[in-house]
Amino acid sequence: MTAAAPFDAIVIGAGAAGMMCAAVAGQRGARVLLVEHAEKLGEKIRISGGGRCNFTNRLAQPANFLSQNPHFCRSALARYGAQDFVALVRRHGIAFHEKHKGQLFCDDSSEQIIAMLRAECDAGRVRWAMPCRVRRIAPQGAAGFELDTDQGPMHARRVVIASGGLSIPKIGASDFGYRIARQFGLRVVEPQPALVPLTFADWQPFTPLAGVSLAVRIGCNGMAFDEDLLFTHRGLSGPAILQISSYWNPGETITLDLAPDFAGDALAAALVGHKRQSRQTLTNVLAALLPRRLAEGWIAVNRLGGDARIADASDKSLRALAAGLQRWELQPSGSEGWRKAEVTRGGVATEELSQATFEARRVRGLHFIGEVVDVTGWLGGYNFQWAWSSGVACGMALAAG
Ligand SMILES: Cc1cc2nc3c(=O)[nH]c(=O)nc-3n(C[C@H](O)[C@H](O)[C@H](O)COP(=O)(O)OP(=O)(O)OC[C@H]3O[C@@H](n4cnc5c(N)ncnc54)[C@H](O)[C@@H]3O)c2cc1C
4 MTAAAPFDAI
14 VIGAGAAGMM
24 CAAVAGQRGA
34 RVLLVEHAEK
44 LGEKIRISGG
54 GRCNFTNRLA
64 QPANFLSQNP
74 HFCRSALARY
84 GAQDFVALVR
94 RHGIAFHEKH
104 KGQLFCDDSS
114 EQIIAMLRAE
124 CDAGRVRWAM
134 PCRVRRIAPQ
144 GAAGFELDTD
154 QGPMHARRVV
164 IASGGLSIPK
174 IGASDFGYRI
184 ARQFGLRVVE
194 PQPALVPLTF
204 ADWQPFTPLA
214 GVSLAVRIGC
224 NGMAFDEDLL
234 FTHRGLSGPA
244 ILQISSYWNP
254 GETITLDLAP
264 DFAGDALAAA
274 LVGHKRQSRQ
284 TLTNVLAALL
294 PRRLAEGWIA
304 VNRLGGDARI
314 ADASDKSLRA
324 LAAGLQRWEL
334 QPSGSEGWRK
344 AEVTRGGVAT
354 EELSQATFEA
364 RRVRGLHFIG
374 EVVDVTGWLG
384 GYNFQWAWSS
394 GVACGMALAA
404 G
């Protein structure tokens, strides 16, 4: 490692965004050093998508990202979109498949994406300092920055912060990027766990439903998703909850339709209609319309007397049962936190950054990319796409000088 060598840019964090940025800048002629404090490269990529890395989403567009400025991501996504990353994956001969709603996964292993990024960095003659911890960054006027690291001082005209968010601290997440932003007087939107299971006070009555999974419609703050829900011992999880968790704020309620295939009052009408088959129990009728464990659990939790014949139930109570299932309002007490969150919502405020180069408007030569920026994708490959898109835009800017 030639720490004392002059570099055009030092990229801090060799995750998805950092490797992409370094590779692009290096291949365009910039002398780049990549600094990573973890012992093992690309741990988050490795564990992503259940080990197969959901590396992008074919349908990715700006509407799939949250930010205080929803337009900020447009330019980077337009310059380097899902199809560009897919072309790179194809060039490296990595086989992949589409799973659900445009989500693209490796057929074999997420290791292939790490190896691909490493090879791209090699093609750009990127230098590495790893493991290496950066303690401080000091501005040095026109000369750029001096980094105080455990491998000694390092210098570069430009520094890129690609240190990611706060989720999964045990594999290297740190608040480094936010600290550096604040050190240079940049606003940070309060980081919060996102794509995270939600927890509920007094959940005990629902624990018999743990393990039940079903397709639902979920809503909060004007956003709705049609996804799968999973009941757990501590609360609710599954893609539906992870998606809505990014839109939920403490104190707010979420709304669930547990029978989204029944439009309008079709479920109520079906239940009332079944009264004619007078010998069936309420549980059996409901279990014919919904997953049996949900039907049984819901009737038990709400003490609805499932063994009684449906013919003996009033129309009003059946309509109330349908409404309860289709307009279930819940107030989460919290989330499973950083340990379980897939991403961080919030981060370096976008008005502080150029959307073309990701350079801080007020600090020449200091760039922020990837998850540390206040842009958060939906579940389904969007967060990696943001890492690639922001990494490429910044990498091109580094090479341009
Ligand atoms: C379990 C899990 C599964 C996921 N699955 C998917 C998926 O399938 N599809 C998808 O799109 N997204 C997925 N994500 C989200 C995705 O992994 C992140 O959004 C993405 O990795 C962010 O890229 P990044 O480069 O900004 O940050 P990271 O990938 O987190 O990289 C940041 C790097 O910086 C290093 N670092 C931190 N602080 C310092 C420091 N002070 N000095 C030096 N280095 C430092 C870290 O060690 C890390 O290597 C998943 C996340 C998790 C936790």
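Per my numbering: the sequence shown = residues 4 to 404.
We put the beta carbon where it would ideally sit given N, CA and C, even for glycine.
None of these values were measured; they are calculated from a predicted model.
Close-in-space but distant-in-sequence residues of the same chain around residue i (CB under 8 Å, 5 per side omitted)
i      : result
ALA146 : HIS158, ARG160
GLY54  : SER112, SER113
GLY153 : A small fix is needed here, since residue 153 is Asp in this sequence, not Gly. Once the five neighbours on either side are set aside, the close Cβ partners of ASP153 are CYS135, ARG136, ARG138.
ALA132 : MET4, ALA6, LEU36, LEU37, VAL38, GLU39, THR152, GLN154, MET157
Backbone secondary structure at residue i - three-state DSSP
i      : result
SER248 : helix
PHE179 : helix
VAL395 : helix
VAL375 : helix
GLU123 : helix
ILE116 : helix
ASP268 : coil
PRO194 : strand
SER338 : strand
THR360 : coil
MET133 : coil
HIS103 : coil
VAL162 : strand
ILE13  : strand
CYS223 : strand
PHE387 : helix
ASN72  : coil
ASN60  : strand
Nearest-angstrom Cα separation, counted from residue j out to residue i
i      : j      : result
PRO263 : PHE99  : 31 Å
ALA26  : GLU354 : 26 Å
PRO172 : GLY267 : 44 Å
GLY394 : ALA184 : 18 Å
LEU69  : ARG295 : 36 Å
CYS124 : LEU289 : 57 Å
ASP205 : GLY350 : 32 Å
GLU149 : ALA213 : 53 Å
LEU120 : LEU285 : 57 Å
PRO73  : ALA227 : 17 Å
PHE234 : PRO335 : 13 Å
GLY190 : GLN71  : Reading off the sequence, residue 190 comes out as Arg, not Gly. The straight-line gap from Cα to Cα measures roughly 12 Å.
GLY167 : PHE361 : 14 Å
ARG237 : ILE372 : 34 Å
LYS102 : GLU374 : 24 Å
ALA12  : ALA19  : 17 Å
Buried/exposed call for residue i, threshold 16 Cβ in 10 Å
i      : result
ASP260 : buried
ASN224 : exposed
GLU39  : buried
ASN252 : exposed
THR210 : exposed
ALA400 : buried
THR256 : exposed
ARG128 : exposed
VAL304 : exposed
GLN106 : buried
GLN115 : buried
SER317 : exposed
ARG94  : exposed
ALA17  : buried
GLN406 : Given that the chain is displayed from residue 4 to residue 404, the structure contains no residue 406 and the question cannot be resolved.
Residues of its chain near residue i, where Cβ-Cβ distance is below 7 Å and the 5 sequence neighbours each way are ignored
i      : result
SER170 : ALA176, PRO196, TRP341, ALA344, GLU345, VAL346, THR347
LEU321 : ALA271, LEU274, VAL275
THR5   : Because THR5 carries a pLDDT of 41, less than 50, the predicted location of this residue cannot be relied on, and no value is offered for it.
heavy atom of ligand 1 below 8 Å from residue i C-beta
i      : result
SER240 : no
VAL129 : no
GLY84  : no
ASN57  : yes
ASN305 : no
VAL191 : no
ASN386 : yes
ALA374 : First, the amino acid is wrong: residue 374 is Glu here, not Ala. GLU374: yes, Cβ under 8 Å from ligand 1.
SER357 : no
TRP389 : yes
ILE13  : no
PHE179 : yes
VAL346 : yes
ALA41  : yes
Beta-carbon contacts of residue i that lie in its chain and below 6 Å, excluding the five residues immediately before and after
i      : result
TRP389 : VAL378, GLY380
ALA63  : ALA85, TYR385, GLN388
ARG330 : none
LYS278 : ILE313, ALA314
GLY337 : THR202
LEU328 : LEU261, ALA262
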